[in-house]
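Undergrad: Sharing a structure here in structure tokens format.
In the working numbering, the protein residues as written are 8 to 393.
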């Protein structure tokens, strides 16, 4: 149909010359575009498996490869725990299935010591599994936000886990007392991070009206909520540094903010460096410099020196970007895109790129592999690829 002239398939409206109607004998081809997999690239792929359902989130067991488990939440209401020790070439692997539940498993997260696996579902159901070697035992459930759970964040000492969706209430489950506390905010919360500094724990939440909400958490109790105004746009993503009391927030309109958590004040803002939605931000852990990276739908990958509050590098990619991770103990970041592409970037230069997925990459994680790292990705196409 694309090769035909307009007058062959449509006729003008009698009154408005700018309006056309398809002719009755015109047949619209409703077949899906078959160009999706024409430029797929498998040169870097060392393992892949099709799971037949959209895969949404990944979490790696912290002792990997000693316990070589990766949890993946899926659209078919299950969490699959893939045992990578069972992989012996090809696409074979052994999986433990948790579920099915009543709704999509949208989030999954191992605790920092690997003792627990937390799952969040889109009907608000939150589950904690006790992990003992190969065994996963369900130990408790919590009825969380009715609009669904979209993110999970553990404290670094494993003592509590925070989870939320896009409502006004965020939940905290305490591992010692096995009780639940709530954080209530003025606006809907689109993202959150649980962090600890010098023995004090904080819930940091990003809101739909451009606020960061910060609350102290102590032994099952939530303190007063302090709001830090950024500007009136949705906070789409945030991260908190492991040791420095600094938060980084990206906004729907491309704005980027750094907030000092000890003073609850904005220390720097960058409103024109991204020209479209900031999709993901990440601090670099373990380096000598306090560094961070931000990516957006504008295709920009920006590395930041957070001590001088200045840009280090800007890489322009012709893709709408979805996720970013730092490769541990290196200045390398891995980035994914809406079209299924993956990039490795170091010091402002693209080291490699590939398109192993047919559609949007929804999550990426790094896996330690001998003396190097592998990148694991999941996508709307139902594939898990290393």
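All C-beta atoms in this analysis are idealised placements derived from N, C-alpha and C, irrespective of residue type, glycine included.
Residue 159 to residue 325, Cα distance in whole Å?
TA: 31 Å
Undergrad: Under 8 Å Cβ to Cβ from residue 37, same chain only, skipping five residues before and after it: list those, please.
TA: Residue confidence for residue 37 is low, a pLDDT of 40 falling below 50, so the modelled location carries little weight and cannot support an answer.
Undergrad: What does DSSP give as the partner residues of residue 201 in its beta bridges?
TA: 210
Undergrad: Can you tell me the Cβ-Cβ gap for residue 87 and residue 102, rounded? I've got them flagged as a contact below 8 Å.
TA: 5 Å
Undergrad: Apart from the five residues just before and just after residue 137, which ones in its own chain have a Cβ nearer than 6 Å to its Cβ?
TA: Cβ within range, chain order: 144, 146.
Undergrad: Report the option in 282, 366, 151 whose CA atom is closest to the CA atom of residue 345.
TA: 366
Undergrad: Taking just the CA atoms, how far does residue 200 sit from residue 42?
TA: Low local confidence applies: a pLDDT of 44 at residue 42 is under 50, so the model's placement there is unreliable, and no value is given.
Undergrad: Under the three-state reduction of DSSP, which class applies to residue 160: helix, strand or coil?
TA: In this structure, residue 160 counts as strand in the three-state DSSP scheme.
Undergrad: Which of helix, strand or coil does DSSP assign to residue 114?
TA: strand
Undergrad: Whole angstroms is fine: what's the gap from residue 105's alpha carbon to residue 111's?
TA: 12 Å
Undergrad: Checking the sheet assignment: what are the DSSP bridge partners for residue 376?
TA: Bridge partners of residue 376 according to DSSP: 379.
Undergrad: What are the boundary residues of the beta strand (DSSP E) that residue 367 is part of?
TA: Neither: residue 367 is in no beta strand (DSSP E) and is coded neither H nor E.
Undergrad: Using the C-alpha atoms, what's the distance from residue 46 back to residue 9?
TA: The predicted position of residue 9 is uncertain, since its pLDDT is 42 and thus under 50; a value taken from the coordinates is nonetheless stated next. Between residue 9 and residue 46, the C-alpha separation is close to 22 Å.
Undergrad: Taking all protein chains shown into account, do 16 or more other C-beta atoms lie within 10 angstroms of the C-beta of residue 314, making it buried, or fewer, making it exposed?
TA: exposed
Undergrad: What three-state label does DSSP hand residue 85 in the structure shown?
TA: coil
Undergrad: Under three-state DSSP, which class holds residue 193?
TA: Residue state, collapsed to three classes: coil.
Undergrad: Determine the contact status of residue 79 and residue 266, defining contact as a CB-CB distance below 8 Å.
TA: no
Undergrad: Check whether chain D comes within 8 Å of residue 65, counting only Cβ atoms and requiring the distance to be less than that.
TA: Any reference to chain D falls outside this structure, which holds one protein chain only.
Undergrad: Drop a sphere of 10 angstroms on the beta-carbon of residue 390, count the other beta-carbons inside from all chains shown, and report buried for 16 or more, exposed for fewer.
TA: buried
Undergrad: Specify whether the region 222 to 229 and the region 271 to 278 touch according to this definition: at least 3 beta carbon pairs, one from each stretch, less than 8 Å apart.
TA: no
Undergrad: Among the residues of its own chain, which have a CB less than 6 Å from the CB of residue 380, if the five just before and after it don't count?
TA: 334, 373
Undergrad: Helix, strand or coil for residue 385? Go by DSSP, reduced to three states.
TA: strand
Undergrad: Between which two residues does the beta strand (DSSP E) carrying residue 302 extend?
TA: 298 to 303 is the span of the beta strand (DSSP E), which, as asked, contains residue 302.
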